[in-house]
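Since the structure comes first, as structure tokens, the remarks are kept for the end.
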Amino acid sequence: MNFRGLFEHLSTMAADPLLLVSLDDVALSEETVYALRAKNVLDALLFRFTADLDKRGVAKTLGADSTAELLQSVQVSPAAAHRYVRVGRALGSIPSVAAYAVDGTLSGEHVDAIVKGLHHIDRRDPDLSESDRDDCVRGLLTEARISTPAAVIERAHEMAIA
41 MNFRGLFEHL STMAADPLLL VSLDDVALSE ETVYALRAKN VLDALLFRFT
91 ADLDKRGVAK TLGADSTAEL LQSVQVSPAA AHRYVRVGRA LGSIPSVAAY
141 AVDGTLSGEH VDAIVKGLHH IDRRDPDLSE SDRDDCVRGL LTEARISTPA
191 AVIERAHEMA IA
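Written out as structure tokens, the structure reads:
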């Protein structure tokens, strides 16, 4: 794993004033989509890294009170830090959502909405069967692929009262 090399390459690309000059409108649109999907994949990696940091107790070892605080110490906003921790902890129990996250199909915000939505459903019905919960996951994944994170949360609320 060499994220330093990847970082240096991406940083050089981002600083290149001529990077986009030769692209026509279609190519610019395509490259934008790939960049967004790459961002989504990086979010998926950060969810995994954060989950492992959390499981290993690395924050305490490094003098932080929590994993979220450790992330904030490297200029991650508090909201994003808590999102990485929340989603990182949850993805191990919802592998189908994790699978969509790693190919860049879903944004980190969509994945977080699914996690929050499932948490809401679980709170409303703690005795929900595994089969019914799997149905909820599939429904929220479908909503996430066609709509906004807010719509995913709304769908979860509908499922929780159905």
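Numbered per my numbering, the sequence shown spans residues 41 to 202.
Positions of the beta carbon are idealized from the N, C-alpha and C atoms, including for glycine.
- About 11 Å separates the beta carbon of residue 137 from that of residue 192, a gap too long to meet the 8 Å contact definition.
- A buried status is given to residue 183, since no fewer than 16 other beta-carbon atoms sit within 10 Å of its beta-carbon.
- Rounded to the nearest angstrom, the gap between the Cα atoms of residue 145 and residue 87 is 15 Å.
- In terms of CA proximity to residue 93, 129 leads the group 129, 74, 48, 65.
- Close CB contacts of residue 121 within its chain, under the 7 Å cut and outside five residues either way in sequence, are with 108, 111, 112 (chain order).
- Looking from the CA of residue 75, the closest CA among 50, 65, 141 belongs to 50.
- If only complete runs of 4 or more residues are kept, the stretch 53-116 shows the alpha helix (DSSP H) at 65-96, 98-101, 107-112, in order along the chain.
- Straight-line spacing of the CA atoms in residue 186 and residue 180 works out to 10 Å.
- A straight line joining the alpha-carbon of residue 101 with that of residue 43 spans about 23 Å.
- Scanning its chain for C-beta atoms nearer than 6 Å, with the 5 sequence neighbours on each side dropped, one finds no residue around residue 73.
- Secondary structure of residue 171 (DSSP, three-state): helix.
- Annotated three-state conformation of residue 119 is helix, per DSSP.
- The beta carbons of residue 196 and residue 157 sit about 3 Å from each other, so the pair counts as a contact at 8 Å.
- For the pair residue 189 and residue 153, the CB atoms are nearer than the 8 Å cut-off.
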